[in-house]
Amino acid sequence: MRMRRYHPLTLVFDLFSFIKNVAIFAFLLFVVKYQSQSFLFVWGRRVFAGIAVLTVVSHVFKWLTNRYAADETAFYLKSGLFDKTERTVYFDKVQNVQRHTSFLHTLFHMTSITFETGAGFLNSNVEFKAVTKEEADRLETLVKAQQVDSNNTEEQEFIVQEAETRVIHFTPTRRDLIKASFTSFSFLLLLAVAASLFSKLDALFDLEDVAEGWVLSLLKSGWLIAGTTIVLMVISVLVGFVWTYVKYGKYEIASDDKRITIRKGIVDETAFSILKTRVQAIEITQSWIKRLLGLAEVKLISAGGLGEEEQEISTLYPFLPVARAYSIIEEMLPGYEVQRETKRLPLKSLFVRLAKPYWFGMVSTALLAYFRPEPFGWHSAWWIGSIILLIIGIISRIADFASTQYTFTDGFIQISEGVLEKTTFLSRRDKIIEIKVSRTKLQQWTGLASIGLVNRAKPVRHEMLKDVSLWEADRFYSWYAGRVAEIKTE
Amino acid sequence: MYKDIQEPSKRLAKEIIKVLRYSSLISHTIEAAILVAFYLLGRHFSWGSWSVWVLWIGIFHVVLSAIWGIGLRPLFIYKNTRYDINEDFLQIKTGAFHEQHELVPMTKIQAVSTKQGPILRKYDLYSIEIQTMGSGHGIIGLPKSIALDLRNQIAYFAKIREVDEG
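Going down the list, the sequences are from chains S and C. Under numbering that gives the first Met the number 0, the very last position in the first sequence is 489; numbers go up by exactly one each time. Under numbering that gives the first Met the number 0, the very last position in the second sequence is 165; numbers go up by exactly one each time.
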């Protein structure tokens, strides 16, 4: 088998990311403090130059020595100059595929592609930082073909048909985008950027005095104030909308028989694809503002990693209308069904929760009693404060109890929790890798139990539901034991 | 509708009580030795009244944890630990104050090993450690023949893989 070198532009991208990481540092050393003759900066510049040269050299050697190849079943990777490593990654271990095309990639007609495996240790994925689109397509097709093949040999013709059965489930309309831009508070973006810019410039040029004079002259005229406020608001809403558009504008959730594909981004394109059978669980989150607007964020949980924070894309569109979110899940993932009829915790679980000690309240009461703060000369502030804390504690426990819902039916479990931010967790019984039922002494006395389940993810995902009735916990235990009937073994 | 599953019933070897007592005794002896050293140093350098406080707190802690660790905990562990396996599941039940039932499918077990420290060796016992995709589980203190059998059995059952697992 012929081992190939990575595309030469990989070097350029490596260097670019190096420059991006150290740019601020370099700016400080060579521009801002260029005049400084202090020991720190003189040596700082020398060490920096040394590190830069070493990095460039090491990247060149890395490029010269690293090779890869792929056949019908696996990737073969070679690396190392003195300490040589050879790695074989079988396609059926690939959990999901991510493609990221940054602006720089677009300029060179390149893309980057990452095949994530479920292995627990670091660097277990196969990453191509810069490949031509054709090569990326070739590799992805190889992986797809093998995955379909290994799952069902009889269904090989599906590979050909895949393109035909593709369904696009969602692309945002302008209305969706407007809602999204408000929900994400992106209209505050301008303010935040302006504030941080101001504070940075201020440190350099003492802007505050200048600005103060300017602001004062503005304040003198009511019309000017109103005018500027309106203009600023319009600008910030527009900026927020553009930002949202760039980020979420070209979103597309699609699926075919075998896999789910999510694409997003206008300048920076990202694509994520996962086999339906490799979806370990689903998480639906709603912040309070999303609940007000009836929106939800749906996230697919994969056993492979999901890329770095900013490029993370296992999320179906983060601002889906709730009803649509539920129906998309049901359309895309057969076997999943968001249950509207869920169970609540037994009433005694509320009493148990209320009876537990209020540590926060107790500690703050002790502090209040000791320091006896008297805001505005108000003597009884400390005990009233303590009572308010207690009431808040009680209310939050009641709300917590009331917002907890769960259900488990044939092959499926659903748990919702959270007052302000509601999270609903859905998983299939065959995807849960272990469970536990635990009971503290208090729960033993009151006939309650906590149930816990573990799902594959990176890192491993633990879910816990506290204070269900003992009877339900027993049912949960035997429910999980019933998975034997539905799993297929090789 | 659901397949009923038996509660686990197999127990640890009775000698585990002694093993846990010995190991707890050793660690408490070390702690006590540190306290003695602290007392002697304090007296030699005349550290003053704060060191007396620290010493009393230390003694209090060591005595209480010794009563728990040497006296009670080994009994509780022996009395409350149960395990069992069948071809589909591993079950472990532990704890009296915080009772836990764990149910782990055989197909999700990735590694199983037996271990034996010096104290366990004295009683010819083995511990079993089980690694799953998500976490680790252990059964401490089984007689040699049972432990090795159990390990082999788990290894055999765990060899089967589920479709779609990767």
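Even glycine gets a Cβ: it sits at the ideal position worked out from N, Cα and C.
Which of helix, strand or coil DSSP assigns to residue i
| i | result |
| --- | --- |
| S/D255 | coil |
| S/F81 | coil |
| S/K342 | strand |
| S/E153 | With a pLDDT of only 41 at S/E153, under the threshold of 50, the placement of this residue in the model should not be trusted, and no figure is reported. |
| C/P142 | strand |
| S/T72 | coil |
| S/Y89 | strand |
| S/T403 | coil |
| S/A179 | helix |
| S/F114 | strand |
| S/Y357 | coil |
| S/K430 | helix |
| S/L319 | strand |
| S/F169 | strand |
| S/Q145 | helix |
| S/Y67 | strand |
| S/E133 | helix |
| C/S8 | coil |
| S/Q34 | coil |
| S/V125 | strand |
Within-9 Å CB hit, residue i to chain S
| i | result |
| --- | --- |
| C/Q99 | yes |
| C/R20 | no |
| C/S134 | yes |
| C/S104 | Inspection of the sequence shows that residue 104 of chain C is occupied by Pro rather than by Ser. It does; some Cβ of chain S falls within 9 Å. |
| C/I4 | yes |
| C/F96 | yes |
| C/K107 | yes |
| C/D87 | yes |
| C/Y28 | Looking at the sequence itself, residue 28 of chain C is Thr, so the reference to Tyr does not match. Taking Cβ atoms only, chain S never reaches closer than 9 Å to C/T28, which makes this a no. |
| C/P7 | no |
heavy atom of the ligand HEM below 8 Å from residue i C-beta
| i | result |
| --- | --- |
| S/I383 | Only the bare structure without any ligand can be found here, which leaves the ligand HEM out of the picture. |
is_contact[residue i, chain C] using C-beta, thresh 9 Å
| i | result |
| --- | --- |
| S/Y405 | no |
| S/Y335 | no |
| S/Y357 | no |
| S/Q160 | Confidence in S/Q160 is poor, its pLDDT being 47 and thus under 50, which makes the residue's placement too unreliable to answer from. |
| S/S272 | no |
| S/I434 | yes |
| S/N124 | no |
| S/D429 | yes |
| S/I486 | yes |
| S/T439 | yes |
| S/N454 | yes |
| S/S477 | yes |
| S/Q97 | no |
| S/R86 | no |
| S/D466 | no |
| S/A280 | no |
| S/H461 | yes |
| S/Q443 | yes |
| S/F17 | no |
| S/A354 | no |
Per DSSP, the bridge partner or partners of residue i
| i | result |
| --- | --- |
| S/F424 | S/E282, S/I414 |
| S/E296 | S/T284 |
| S/I273 | S/N95, S/I259 |
| C/K114 | C/S126 |
| S/I450 | S/V436, S/L464 |
| C/Q90 | C/D83, C/L102 |
| S/L10 | None, per the DSSP bridge assignment. |
| C/H136 | C/I129 |
| S/M2 | In DSSP, S/M2 forms no bridge with anything. |
| S/E268 | S/T100 |
| C/H27 | Bridge partners of C/H27: none, in fact. |
| S/M109 | S/T131 |
| C/E14 | In DSSP, C/E14 forms no bridge with anything. |
| S/T488 | C/E161 |
Stretch pair the segment 101 to 111 of chain C + the segment 471 to 486 of chain S: three plus CB contacts closer than 8 Å: Yes, they touch.
Stretch-stretch touch, CB-based, cutoff 8 Å, three pairs: the segment 385 to 405 of chain S with the segment 326 to 346 of chain S: In this structure the segment 385 to 405 of chain S lies against the segment 326 to 346 of chain S, because at least three pairs of beta carbons, one per stretch, are closer than 8 Å.
The segment 358 to 369 of chain S / the segment 386 to 393 of chain S touching (three or more Cβ pairs under 8 Å): Between the segment 358 to 369 of chain S and the segment 386 to 393 of chain S there are three or more inter-stretch CB-CB distances shorter than 8 Å, so the stretches are counted as touching.
Positions along the segment 145 to 161 of chain C whose CB lies within less than 9 Å of some CB in chain S: Under the 9 Å Cβ criterion, the segment 145 to 161 of chain C contributes I159, R160, E161.
Contact set between the segment 119 to 132 of chain C and chain S, restricted to residues whose Cβ is under 7 Å from the partner: From the segment 119 to 132 of chain C, only T131, M132 have a Cβ closer than 7 Å to chain S.
Three-pair Cβ contact test at 8 Å for the segment 284 to 292 of chain S versus the segment 122 to 131 of chain S: Here the segment 284 to 292 of chain S makes no contact with the segment 122 to 131 of chain S; the two share fewer than three CB pairs at distances below 8 Å.
At least three beta-carbon pairs within less than 8 Å, the segment 128 to 142 of chain S to the segment 109 to 118 of chain S: Three or more pairs of CB atoms, one per stretch, sit closer than 8 Å, so the segment 128 to 142 of chain S contacts the segment 109 to 118 of chain S.
Inter-stretch contact at 8 Å, needing at least 3 Cβ pairs: the segment 22 to 32 of chain C / the segment 60 to 68 of chain C: Yes, the segment 22 to 32 of chain C is in contact with the segment 60 to 68 of chain C.
Three CB pairs or more closer than 8 Å across the segment 409 to 421 of chain S and the segment 330 to 337 of chain S: Yes, the segment 409 to 421 of chain S is in contact with the segment 330 to 337 of chain S.
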